[in-house]
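Per full-length UniProt numbering, residue 1 is the first one in the sequence shown, and the count goes up by one each step. Ideal Cβ positions, reconstructed from N, Cα and C, are used throughout, including at glycine.
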Amino acid sequence: METSDVPVGVADVSITDSKPNPPAPTNTASMLPPCRVCGEKASGFHYGANTCEACKGFFRRSLKKKGEYKCVNNKDCNIGPGKRNGCPKCRYKICLDIGMSKEGKYNDSI
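Given below as structure tokens:
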């Protein structure tokens with residue numbers, strides 16, 4: 001019969017932390033669709049549409065100006081990633097076309 005220096009019942013026991021790991025934080029901004037105006041990374045639902053911070057600010061300033069802009073390209077400008085500052089008239093038109101409004105401001109979330 002063999003003898004052991006380890007007390008009976010202790011040799012095969014491992015100690016583990018019984019606390020469950022908290023869920024990994026989710027990055028809400030990464031789960032949003034792209035900005036509906038320019039296609040860049042959206043930051044939330046602003047003025048009634050998913051937009052980036054730049055387009056949110058542009059629309060806010062446009063409300064103060066009452067959208068008084070002029071287009072030099074027959075209102076057919078490409079407002080896409082990296083090109084959102086090209087034509088304020090066409091950018092503002094896209095904002096209105098996707099449903100952005102002053103009343104939508106109070107629906108902001110994130």
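Remark: C-beta atoms of Cys35 and Cys55 approach each other more closely than 7 Å. Just measuring C-alpha positions, the residue of Ser62, Asn50, Cys52, Glu53 sitting nearest Tyr92 is Ser62. Rounded to the nearest whole angstrom, the C-alpha separation of Gly99 and Asn74 is 22 Å. Pairing Cys52 with Met31, the inter-Cα distance amounts to about 13 Å.
Exclusion of the five residues before and after Gly67 leaves Tyr92 as the residues of its chain whose Cβ lies within less than 6 Å of its Cβ.
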